[in-house]
Structures are given as C-alpha cells and as structure tokens.
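A.B. asks:
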Amino acid sequence: MSLIVQLGIGSTVYNFCLLSLKFVIIIKIMGRGICGMAEYFDLYTRNKQKTGKTLLRGTAMDKDDYRYVVHVLVVNDKNELLIHQRHQNKDSYPNMWAFSASGSVIAGETSQQGASRELAEELGIIHDFSKDAPLMSYTKQNYFIDYYLLKKNVAIDTLVVQCQEVQDVKWVSQDDCLAMVNKGEFIPYVFIPYLWNFFDIDSIHL
Numbered sequence: 002m003s004l005i006v007q008l009g010i011g012s013t014v015y016n017f018c019l020l021s022l023k024f025v026i027i028i029k030i031m032g033r034g035i036c037g038m039a040e041y042f043d044l045y046t047r048n049k050q051k052t053g054k055t056l057l058r059g060t061a062m063d064k065d066d067y068r069y070v071v072h073v074l075v076v077n078d079k080n081e082l083l084i085h086q087r088h089q090n091k092d093s094y095p096n097m098w099a100f101s102a103s104g105s106v107i108a109g110e111t112s113q114q115g116a117s118r119e120l121a122e123e124l125g126i127i128h129d130f131s132k133d134a135p136l137m138s139y140t141k142q143n144y145f146i147d148y149y150l151l152k153k154n155v156a157i158d159t160l161v162v163q164c165q166e167v168q169d170v171k172w173v174s175q176d177d178c179l180a181m182v183n184k185g186e187f188i189p190y191v192f193i194p195y196l197w198n199f200f201d202i203d204s205i206h207l
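Quick note on the numbering used here: the sequence shown kicks off at 2 and runs consecutively.
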C-alpha cells in the first residue's frame, strides 16, 4: 500500500509517494528543492568552461553552448540495478523505465551536487557525491552527460518518490533489463548491454 502526501507551497501542490506506511517521511530540500521556481542552467564551452551565461528551461541553446545532465545508477549487493518508471505525463519517454534517477544540473550546482539533488528529489535517497568521480562521462549534441554509481542496498518500501516524476520503482538484473529494452519498455541507451561491466570500475570517460 502506498501513501500520497501533498505539500502545498504557494499556489503549487507537490505530491510525494511513500511506498510503505511503516516509515516516517523526511523530505530534504536540496538545490532548487520543491519551490516550483523557474529553472536556469549554467552554460559552458565545449571545453567545459563556464560562459557566464544561463539558460531558462524550455529555451533553445545556441549551437556553441553546452550544459550538464546527470544520471545516477543505484546498484545493490546482488548486482541488481534500481530503476524507475517515468510518469505517464512526461513529455519524453512517458511510461518507460529508466535508470535510478536523472535530470539537469541547475545554475550554481556542480555535476555532483546535481546528482545528489536528483536522487533525493526522485527517490528520497540522500547521498553526497561531492567526493565521487563520475562512473563515465561523454558528450552528446550540446550536453555533457555524467553517470554516477551508488552501491547501496535499499528496500523499495522505504523510498519516497516524487509522484509527478515517478510511477513505480523496482530492482532488475542485467537479463531483466535487457529483456525490457527488447520489449520497448526501457529507454534504449546504446550501452545498456555493457553497463554491468562498469559496476566494478571506478570511472571511465568516453
């Protein structure tokens, strides 16, 4: 049984889902938190130097500008990956399954701070990535994409998920994940067949 808790700030109401009634909700606001304010992103050169400019979410980037996106991979001691199902109202990949947490790094944040915030917002997992290097990093189009690995055993019924973003959460093995990709249920990242090979590697840059 799940519990939906509504938190109203100003004219905006946010829904958070507690997947079990046995646990107390603790919401830690990080970065933008849950204030519903407009989001801005720092812009960078191709050499990852800040340009001094920011970009409002939903605004097109110039061709020479770049910004950061982060993904977090939570892996347990069974070598299973924690994944979430995107909300049916998402503009991109609605109802599809994705990695543990992901999102854009907002203005004033480092990549590590963005990863910590996204993980806390989407799943209620608190972890400080400030001393962690990305598991892997690459550039695609106008985005610098960093992946962070967190090895942690988490009980599904302890998670506090952001209902506007996440519909469901579960652990999957490599075979389960590949089967979901083949069925069109999981976002088809090209490196998924090789992803489990990275879980014992400190970092890799592509």
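All C-beta atoms in this analysis are idealised placements derived from N, C-alpha and C, irrespective of residue type, glycine included. All of these numbers come straight from a predicted model, not from anything done at the bench.
Between Asp-158 and Lys-64, what straight-line distance do the alpha-carbon atoms span, to the nearest angstrom?
C.D. replies: Along the sequence shown, one-based indexing puts residue 158 at 157. Along the sequence shown, one-based indexing puts residue 64 at 63. Cα to Cα, Asp-158 sits roughly 44 Å from Lys-64.
A.B. asks: If I follow the unbroken beta strand (DSSP E) through Leu-83, where does it start and stop?
C.D. replies: Here residue 83 is taken as the residue at index 82 of the sequence shown, counted from 1. Element bounds for Leu-83: 82 to 87.
A.B. asks: In this structure, how does DSSP classify Ile-126 when only helix, strand and coil are distinguished?
C.D. replies: Stepping through the sequence shown from its first residue, residue 126 is reached at position 125. Three-state DSSP puts Ile-126 in coil, outside helix and strand.
A.B. asks: Does the Cβ of Leu-207 have 16 or more other Cβ atoms within 10 Å, making it buried, or fewer, making it exposed?
C.D. replies: Indexing the sequence shown from 1 puts residue 207 at position 206. Below a pLDDT of 50, predicted positions are generally treated as unreliable, and Leu-207, at 49, falls in that range; the measurement from the model is reported next regardless. So Leu-207 ends up on the exposed side.
A.B. asks: Cβ atoms of Gly-109 and Val-208: under 7 Å apart, would you say?
C.D. replies: Only positions 2 to 207 of the chain appear in this structure, which leaves residue 208 out of reach.
A.B. asks: Suppose you measure from the CA of Lys-49 to the CA of Ala-121; what does that come to, to the nearest Å?
C.D. replies: The count along the sequence shown starts at 1 and reaches residue 49 at position 48. The count along the sequence shown starts at 1 and reaches residue 121 at position 120. About 26 Å.
A.B. asks: If we ignore side chains and look at the alpha-carbon of each, how far apart do Asp-57 and Asn-143 end up?
C.D. replies: The residue given as residue 57 occupies position 56 in the sequence shown. The residue given as residue 143 occupies position 142 in the sequence shown. The residue asked about is misnamed: residue 57 is Leu in this sequence, not Asp. Their Cα atoms are separated by approximately 15 Å.
A.B. asks: Tell me whether Ile-193 sits in a helix, a strand or coil according to DSSP, three-state version.
C.D. replies: Residue numbering aside, residue 193 sits at position 192 when the sequence shown is read from its first letter. Ile-193 falls in the helix class under three-state DSSP.
A.B. asks: Report all residues from its chain with a CB closer than 8 Å to the CB of Pro-95; omit the five preceding and five following residues, and keep chain order.
C.D. replies: The residue you call residue 95 lines up with position 94 of the sequence shown. If we look at Pro-95 and ignore the five residues flanking it on each side, its Cβ neighbours are Arg-87, His-88, Gln-89.
A.B. asks: Short of 7 Å in beta carbon distance, which residues of its chain neighbour Phe-200, apart from the five on each side in sequence? Order them along the chain.
C.D. replies: Residue numbering aside, residue 200 sits at position 199 when the sequence shown is read from its first letter. If we look at Phe-200 and ignore the five residues flanking it on each side, its Cβ neighbours are Val-76, Asn-80, Leu-150.
A.B. asks: Report the three-state DSSP secondary structure of Asp-133 (helix, strand or coil).
C.D. replies: Residue numbering aside, residue 133 sits at position 132 when the sequence shown is read from its first letter. Residue state, collapsed to three classes: coil.
A.B. asks: Apart from the five residues on each side of it in sequence, which residues of its chain come closer than 8 Å, Cβ to Cβ, to Met-62?
C.D. replies: Looking up residue 62 in the sequence shown gives position 61. Excluding sequence neighbours, Met-62 sits near Leu-44, Leu-56, Arg-68, Asn-143.
A.B. asks: Identify which residue in Phe-187, Gly-185, Gln-175, Trp-98 has its Cα closest to the Cα of Pro-194.
C.D. replies: Counted from its first residue, the sequence shown places residue 194 at position 193. Comparing Cα positions, the closest option is Gln-175.
A.B. asks: Count the other CB atoms within 10 Å of the CB of Tyr-148; is the residue buried (16 or more) or exposed (fewer)?
C.D. replies: Looking up residue 148 in the sequence shown gives position 147. Buried, by the Cβ-count rule.
A.B. asks: Under the rule that 16 or more other beta-carbon atoms within 10 Å means buried, what is Ile-127, buried or exposed?
C.D. replies: Taking the first residue of the sequence shown as 1, we reach residue 127 at position 126. That one is exposed.
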